[in-house]
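First up is the structure itself, then whatever we jot down about it.
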Amino acid sequence: MARGEKVLTVEKLSIDYISRRGPVQAVRNVSFDLYAGENLCIIGESGSGKTTMGMSLVKLSPPSAVIKKGTILYTLGGKEYDVRSMSEAQLRAFRWKEVAMVFQGALNAFNPVIRIKKQFLDTGWAHNMKDNKEILRRSEELLRFVQLDPKRVLNSYQHELSGGMKQRVLIAMSLLLNPKILIMDECTSALDILTQRTIINLLKKIKEEMGIAFIFVSHDLSLAAELADRIVTIYAGRVVEMGTTEDIFKNAVHPYTRGLIKATPTVTGNEEGLTSIKGTPPDLIRLPAGCKFNPRCEFPTTQCYQEEPELVSIGKDHYVACLKADQSRD
Amino acid sequence: MSLNEILQLIRKDKVGMVGFFVLLGLILMSYVGPYVIPLDEVVRVDRIYEAPTLAHPLGMDNMGRDIFSEIVHGGRDVLTVAILTGVLSTLIAFFLGAFSGFIGGKIDTFIMWVVDVFLTIPRFPLLLVLAAVITLDNIYLLSGLLAILSWPPLARSVRSQVLSVKTRDYIEAAKLLDLGTYHIIFKEILPNLMGYVIINFIFSMTAAVYSQVGLIFLGLVPLSGQNWGLMIQMAWTRGAIFYTGSLAYILAPIIVIALFQWAAIAFSRSLETIFNPRLRGAS
Amino acid sequence: MPAFLRRLAKNFLLRRLLAMFATIFLVVTLTFFMVRLMPGNPIEVYINQQMSLTGISYQEAQNQAASLYNIDLTSPIWVQWVDYMKKMAVGDFGYSFSSPGTPVIKMIVDYLPWTIFSVGISIFISFILGIFMGMYIAYKRGGWMDHILSSFASITSSVPNYLVGILLLIFFGVQLRIIPFSVMRGTAPAGVEPGFSLEYLWGIFAHAILPMLTYIISTIGGWILTMKNTTMTTMGEDYVLVAKARGLKESRIIVHYVGRNAILPLFTTLVMQVGLLIGGSPLIETIFVYKGIGYALSNSLAQRDYPVMQAIFLCITISVIFANFAADLLYSKLDPRIKSNVTE
Amino acid sequence: MSPASKPTSPVIELKNLVKSYNVRSGVMGKSRELRILENISFTLNRGEILSIVGESGCGKTTVGKVAAGIIKPTSGEILYEGKNPWTLPKHEFTEYRRKVQMIHQDPYQSLNPVQRIYDIISAPLFRHKKVKNYKEAREKVKELLQRVDLSPVDDFIDKNPHQLSGGQRQRVAIARTLTVDPEFIVADEAVSMLDISIRLSVVDLMLKLKEDLGVTYLFITHDLAIAKYFGKGGRIAVMYLGRIMETGPTLEIIHNPMHPYTRILLSSIPEADPEKTRSKKHIQLRSLDIPSLMDLPKGCKFHPRCPLWLAGKCDQDEPSLQEASPGHWVSCFNPQSGPVA
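Residue numbers (our numbering), protein chains in the order written: chain P, -4 to 325; chain A, 286 to 568; chain C, 19 to 362; chain X, 54 to 394.
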C-alpha cells in the first residue's frame, strides 16, 4: 500500500478518569501513527478505552478524564502541532477544520431546537466562512453526495429524520471544511444492515475521492475487515497488537486478537473453531498485575502474572504486546 | 439497594445529612420536648418582652411568658398536620396514580383529566375559600382538607413512574414466570417507586406547613392551644415587629418553621440522588 | 368529519383554548355548587343570620339573600345553575355584602391589575436573573459563587414566601428603616394624579417594591437550582459535544446549544410559579397592605363577604389558567417537537 | 414426556396471524389501523430452532411476543401443543405461560435493579412450589447458577444486577427461565448487546440447554451470522414490514437465497474476512427509505426498494409465500437463485 506522509502521531498517551473508587485507567501508554489517506481501525470492546482515546485526539474528553502523559502531534504542511498544548482558540480552529469527528451518538448529534440548515451555517461561521450562500451551496452538494434530498433535510429538525439519515447528515457536515482526518466512533453500530451498507459504501467513496485519513473506532471486526488499511486492537486501555489488515486477520499473534477473530461468526465462513474468549472484560480500576489479559488468556506463563509486556515489532508494520509473541506464532 | 448502602449515600451528602438531623431534632423537640419542658403559662406583666437570658434562651413574650417553652410546645400540632397530610395525600396519590397507570384506558384518561383540572386551580385561594365555608377547628379536619387538595401532582408523578416501570422487561419476565399480580406489584414495582413516594411525602409535608401556617396567619382556622403559626399571628397582630425588644417573639416561630422547611427539602434532595441512579453517577 | 374541522381539531392553539375554556367552565360550576350545596353554605348561613338578627321570616331572609346573590333561590337547582352561569359569562358577579351597592366586578377591576403588575414584573425579573445565575454556576460548579448561590437558593426556595415577607418588613422597614413601609401601604402614592408621569410611575413602583422583593427572593432560588440542574444535564448531551467538535464558539454553544435546551423544561415550572404566586398573594398583600386582588380576597374572607370571595377566587383561577396558556404557547414556539407531536 | 420421544411433534404453530393497532392521530383525529404483522404462519417442532431475521421495525419482536403469549393476536390462530392458549381455561393458560419463556435483549432492563440475584431466581421457585424453604431455595439457586456457568456461585448469589457484567446478567436471565422448566424459549436479540468476545459463550450455553433439556427456540435477531451459527440445523424466516418474505432451512437460505430482499441483506453484510468482504458484489437498492407502516405501498411491500421489481406486477399484486423447493418458501414474483456472495 502506498503510504502518504504522517498526519498524526500519538505517543505514550495515558488517560485516567477520576472516580470515587479510584482512578479508572481508560487509556494506558498508547502510541500509533496515522498517515495521509489511510484508514486506521481501532478495535476494542466496551470499556476498552477506545472512545476516550478518540475524543482526546481533538481534546474533547470529559472534564473527569485527565490526560496523565503523552503527546498528540498533528502534522500540517511539514510542521508539527501539539494538540495538548493548543489554546482554546487554536483548538476551535483545529476541530472540524483539520480533524472532524462523527460520534457514536449521531442519533442525538444535532441540536433538537435548531433546524439542520442553521447548524450547517453555524459550522461554517465558526470557521470564518462568511458567505451564507457559499456554505449552503456546499452543504447541499455534500448532502446530495450522501444521497439525501438537500432541500428537505436542511429545513428539518433532527427529530424529523431517521437514524440512518442523521448519520449521513453528520457525515456530510463533517466534510464541510475538507478535514484532513475524520474520526468515526462506532458510526454504524446502531444502524440496520442496509443502512450500514450505505454508510460503508459512502465512506469508501469519501476515501477514494477526497483522500481523507480515517480513524475508525469500533468493536466490529467485520467493519475493520471491510474498511481498514491497518488495525489496532486495544485491551484494557492498551494497544495489544497493531498491523496491516492482512496481518491481523491472517497472522494475528496476540491471544486477544486471535480470540476476537475466533469469536466473530460470519455468514459465509464455516463454524469450526468459533468460540468465545473465556472470562469477562477487566475492571479498569482494579487491573490485574502483569499482562492485563492474563485472566482470560489460554496459555499464561508465570511471567505473564508479573510483567506487563511492551509493544514490540515482530515484522514490517506488525507490533504486538505479548510475552509469548514468539511461541504463539504459527 | 440495602439500607446500609442508603446510609452510606446519605453520609456522602453533607447538606442532606444536616437536613436529616435538623428534621429529627425538630420532631423530637415537638413530640418529646413537651414532656420534659413544661409550658410556661404564668403571666408576668413586669417581664414583658424581656431579653433572652440563660434561663429563658429566647426571652419573654407579650405577656411575660417564656418563648422557648412555647416553641417546644408549639410544634406538635404543626408537625402532626404536616405528617397526617403527607401520609394521607401520599396514600391517595399513590393508589389513584398507581391504579390509573395500571389500568390505563378511559379510566386513566378520566383520572388524569381530573388531576389536570385540579392542578390548574390555584390551591391556596381555594383553601382560603373552603376555610371560610367549613369551620376547620381541629387539626384532623384541617389535615384531611389539605390532603384532598394536595394529592393531584403526586398522583400524576406516581402514574408516570408506574407507566415507565410497567413496560420494563423485568415486569414482562415476571408475568411470563407467572409470579402473580401480588408479587409484581409489591415485589417488582413498589420497591422501585419507594424513593419517589418518600420524596413526594416530604414535599407534601412542606406544602402542608405552608398552607396551614398561612391559613392560621390570616385568622381563618379557629385553632386553639400552642402552635407556631398562632405564635406568628399573635406576634404579628400585637405589633411585635415594631420593637427591637419584641423581635424574638416573632422571629422564633418564623425561624423554626423556616428551619423545618429547609431541612425537609434538603433531606429530600439528598434522597433524590440516592433513589435516582442517574444523578448518583457511575458507581 | 369535514376536512376543515379536522384541520381545526389538529390545531394546537385551538385545542389548548378549548381545554382552557372547559376548565374555566368547570371551575365556575364548582364554585356555584360549593356556595350553594355545601353543608353550612354561605347562603344558608346568611339566611339564618338575617333571621336571628332581624327576626324576619325565612322567606324574607331568603329573598334578601337572593337579591344579594342574584340567584332565584326558589327555582330548581339546575335552573339556578344555568342562571348563574349566564351571569358569570357577562361578568355579573352580584354585589358586595360589606360595601353594599358596590358591584363585585368593579372591585375586581380596581384590584386585579395591581396583582398582575407586581406578580408579573417579579416573575419576569426572577426568571431572567435566576436563569443567568443558574447557568453561571452550572459552568462554574464547585467554585465559590456556586457554593454561595446554591446555599442561598436552597434556603430561600424552601422558606414560605410570607415568612420571607415578614422578615423583609422587619429588617428593611422596621430595623433598618430603609423603606418607609407605613407610607408604602396601598398601591399608589396618595395625592399624585394617576398617569404616565414619572412621579406616579415611581410611586407605584415604590409601593410594590416590598411585595415584589418577596416574590423575587422566594422564587429565584427555584430558578437557580432548576436551571443549574438542566444546564448540567444539557451540557452532557451529545449535540453539545458535537458542537464543540465542530469548533463552534463557546458563546454560541452556551446560548444556542445549551441555553435554549436547558430553559425548555423550565416552562412547566413557570406555569406552576404563576399559579403559586397569584395564589399566595392573599398572604403577601395582606402583610404589606398592598391593595391587590389577594388583599381583597383576604379582606372579604375576614368579613365573610361571600359574593366577593367567590368572584375573586374565580378571577384568580382564570388568571392562572390564562397564564398557563401563555406559558404553553411560548413553550410550543420554542420547542419544535411539540407541534409535530400534536399533528402526528 | 421426554423430548426425544416425539421428535417431530409441533410445539407451536402460528396460523395466518395478524396483529394490528388502532392509532388515533390527535384527539378528534380519525382512527387508523396500523398493521404490525400480516399473515404470519409457521410451525415449530420440538427441539427445533427457528430464527427470525429482519431489520428494526419489521415486526420480529412482535412475533416473539405473540408466540410467548404476551401479545394477543388481532386475528389468526396460535396453537401451543395443538391448543389455542387464548381460549384455554385459566389454569391451563398458566401452565402454557410457564412452559413458554423469553430471554430479553437488554440484560440491564430484564433484571429488577432493586433485587439480588437470589431474589430474582428464587421468586419463581417459591411461587411454583419447587422449593419449600430458604435453605432449599438457596441450594436450588446455586445449582441453577452453576448450570449457567456463573461460578463460583457464592460470588454472584447475593449481588445486585448492577454489579454484574452484561454477559453475566444474561446468564442470570437464562437461569431464571430455567426455574420453571421451559419447553419453548423466545430469545429476542438475546446476545446482540453483549461484547463480541463473550457473545458466543452465551449462544453456546443456550445451545447446550437445547441438547440437555430439549428446549425449542424462537431466535429473533438482526444478525444473519449469529442466526446461522445458532440455528445451523434449524430454519430461518426473513421478515420485512410485518411479513415473512422467505423461509427455509438455515443453510439453504444462506447459500441459496431466493428473495431479492434476502439477497440484498446477505450481500450487504460485512464479513470478518478482508478478502471475502471486499470481493462481495453489492446489490443496490432502488431506494434507501423504508416505507412507514402508516403508509404502506401497494403490491409487494418491498417493490419500491427492489432492484428486480417487475413493473405492472410487483406494484399491483402482493405475492404470497410459495414453496420453491422442499421446505424453502418465498414470497416473490421474481425469485432468484444461487449464492450471492
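Heads up, the beta-carbon is just placed ideally off N, CA and C, and yes, glycines get one too.
Relative to the Cα of C:GLY310, the nearest Cα in the group C:THR244, C:LEU243, C:CYS333 belongs to C:CYS333. Identification of residues in the segment 468 to 492 of chain A having a C-beta nearer than 8 Å to some C-beta of chain X yields HIS468, LYS472, GLU473, PRO476, ASN477, given in sequence order.
Under DSSP, X:VAL76 shares a beta bridge with X:ARG85. By the CB criterion at 8 Å, P:ALA223 and P:ILE176 fall outside the cutoff. Using beta-carbon distances, X:HIS157 counts as an interface residue toward chain A, with a partner under 8 Å. Residue contact check for A:LEU430 against chain C: no CB pair falls below 8 Å. Against chain A, the beta carbon of C:ILE188 has neighbours under 8 Å at ILE526, LEU532, ILE535, LEU536, listed in chain order.
Under the rule that a run must span 4 or more residues, the alpha helix (DSSP H) segments found entirely inside the segment 138 to 205 of chain P read 145 to 149, 158 to 169, 188 to 205.
Within chain X, the residues HIS157, ASP159, GLN162, SER163 have their CB atoms less than 7 Å from the CB of A:ASP454, given in chain order. Among the residues of the segment 103 to 117 of chain P, those with a Cβ less than 9 Å away from any Cβ of chain C are ASN103, ALA104, PHE105, ASN106, PRO107, VAL108, ILE109, ARG110, LYS113, GLN114, ASP117, in the order of the chain. For C:LYS262, the nearest CB of chain P lies under 8 Å from its own CB, placing it at the interface with that chain.
Pairing A:GLY386 with X:GLN223, the inter-Cα distance amounts to about 29 Å. If one requires a minimum length of 4 residues, the alpha helix (DSSP H) runs lying completely within the segment 136 to 199 of chain X are 143 to 152, 170 to 180, in chain order. Among the CB atoms of chain X, none fall inside 8 Å of the CB of A:LEU556. Segment contact: the segment 482 to 500 of chain A against the segment 361 to 381 of chain A, three or more CB-CB distances shorter than 8 Å; contact assigned. Per DSSP, C:VAL192 lies in no beta strand (DSSP E) and is assigned neither H nor E. Of the other Cβ atoms in all chains shown, fewer than 16 fall within 10 Å of the Cβ of X:GLY135; this residue is therefore exposed. In its chain, beyond the 5 residues on either side, MET345, GLY349 have a beta carbon closer than 6 Å to the beta carbon of A:ARG332. The beta carbon of X:PRO392 lies closer than 6 Å to those of HIS308 in the same chain, with the five residues before and after it left out.
Rounded to whole angstroms, the gap between the alpha carbons of X:GLN158 and C:LEU35 is 44 Å. One Cα belongs to C:VAL326, the other to C:SER114, and the distance between them is close to 6 Å. Judged by pairs of C-beta atoms under 8 Å, the segment 241 to 253 of chain C touches the segment 154 to 162 of chain C, as three or more such pairs exist. By the CB criterion at 8 Å, P:THR66 and P:VAL2 fall outside the cutoff.
Around the beta-carbon of X:TYR314, 16 or more other beta-carbon atoms lie within 10 Å, marking it buried. Note on X:PRO357: 16 or more other CB atoms within 10 angstroms of its CB, so buried under the neighbour-count rule. P:ALA95 sits in a strand when the DSSP states are folded into three classes. Non-local beta-carbon contacts of C:GLN321 in its own chain, meaning distances under 6 Å to residues more than five positions away in sequence, involve SER116 in chain order. Runs of the beta strand (DSSP E) lying entirely within the segment 192 to 266 of chain P and spanning at least 3 residues, in chain order: 208 to 213, 225 to 230, 233 to 239. For X:HIS335, the nearest beta carbon of chain P is closer than 8 Å to its own beta carbon. For the segment 322 to 334 of chain X, residues whose beta-carbon sits nearer than 7 Å to a beta-carbon of chain P comprise ILE322, PRO323, GLU324, ALA325, ASP326, PRO327, LYS329, THR330, ARG331. Those residues of the segment 177 to 192 of chain X placed with their C-beta closer than 7 Å to a C-beta in chain A are PRO177, ARG180, ordered along the chain.
For the pair X:ILE297 and X:ILE93, the CB atoms are nearer than the 8 Å cut-off.
Nearest to P:LYS273 by C-alpha distance, out of P:ILE201, P:PRO250, P:ALA104, is P:PRO250.
Within 10 angstroms of the beta-carbon of X:TRP139 lie fewer than 16 other beta-carbons, which makes it exposed. At a cut-off of 8 Å between C-beta atoms, P:GLU241 counts as an interface residue with respect to chain X. Residues of chain C with a Cβ closer than 7 Å to the Cβ of P:LEU55 are, in chain order, LEU259, LYS262, ALA263.
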